[in-house]
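Counting in our numbering, the sequence shown runs from 54 upward without gaps.
Beta carbons: idealized from backbone N, C-alpha and C, even for Gly.
All remarks here apply to the structure that follows.
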Amino acid sequence: MNDCIFCKIVDGTIPSTKVYEDENVYAFMDVSPLTKGHTLLVPKTHVKDLFEMPEEVAANLYAVAPKIANAIKSAFNPAGLNTINNNGAFAGQTVFHYHLHFIPRYDETDGLKVKWETKQSEFTPDVLGQVAAQIKENLNS
Ligand code: AMP
Ligand code: ZN
54 MNDCIFCKIV DGTIPSTKVY EDENVYAFMD VSPLTKGHTL LVPKTHVKDL
104 FEMPEEVAAN LYAVAPKIAN AIKSAFNPAG LNTINNNGAF AGQTVFHYHL
154 HFIPRYDETD GLKVKWETKQ SEFTPDVLGQ VAAQIKENLN S
């Protein structure tokens, strides 16, 4: 797609530091990494976000995810690794071509916070059942 920076990376119009490529996906170093090894995995076809991702694109992309994660693990032996995908500006998405972040973690001071305050008291088993029912009703819509 014309003005998309990640489409331009995939087609080589914009330079990138490539990690992996096959006929369906492209992985490259995040230009502004959080930690050493911070890698982005994108589908070659333009897909805005997870909401718009066809199943086949998802299958091809996630099939490669363990390969990327294990390569980072073998290379740098991080203490852990987060895979993060932001969908929508409110959720922090800044580039609107789906991408999965691979962020190796080395220590607690790296600046990534993935802890949240739980709202368990609001979500009783009854409420959880209602919420699940609403999601189930919409699974194929
Ligand atoms: P997000 O905020 O989840 O949309 O993440 C977008 C990511 O793309 C950020 O971490 C940026 O550092 C990264 N990024 C933006 N432009 C480039 C580029 N030209 N090459 C590599 N990474 C990029
Ligand atoms: Zn694109």
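On the DSSP letters alone, give me the boundaries of the alpha helix (DSSP H) that Ile121 sits inside.
Glu108 to Phe129
Looking at C-alpha atoms only, which residue of Arg158, Ile125 and Leu103 is the closest neighbour of Val72?
Ile125
By Cβ distance, which residues of its chain are closer than 7 Å to Glu140, with the 5 residues on each side in sequence left out?
For the sequence presented, residue 140 should be read as Asn rather than Glu. So the qualifying residues of the chain are Asp102, Leu103, Phe104 and Gln146.
Going by DSSP, what residues sit across from Val95 in a beta bridge?
Tyr79
Quick check on Asn193 - is its C-beta less than 7 Å from some C-beta in chain B?
The question asks about chain B, but that chain is absent: this structure has only one protein chain.
For Pro157, list the residues DSSP reports as bridge partners.
Leu134
Between which two residues does the alpha helix (DSSP H) holding Thr61 run?
Here the sequence assigns Lys to residue 61, which means Thr is not the residue at that position. Note, Lys61: alpha helix (DSSP H), Ile58 to Asp64.
Taking the C-alpha atoms as reference points, what is the distance between Val184 and Ser174?
15 Å
Is the closest heavy atom of ligand 1 to the C-beta of Ser85 under 6 Å?
yes
Using DSSP with H/G/I as helix, E/B as strand and the rest coil, what is Val184?
Assigned with DSSP and collapsed to three states, Val184 falls in helix.
Please identify the residue among His99, Val148 and Leu165 whose C-alpha is closest to the C-alpha of Thr136.
Leu165
For Glu19, write down the residues that DSSP places opposite it in a beta bridge.
As displayed, the chain neither begins before 54 nor continues past 194, which places residue 19 out of reach and without an answer.
Tell me whether Lys189 sits in a helix, a strand or coil according to DSSP, three-state version.
helix
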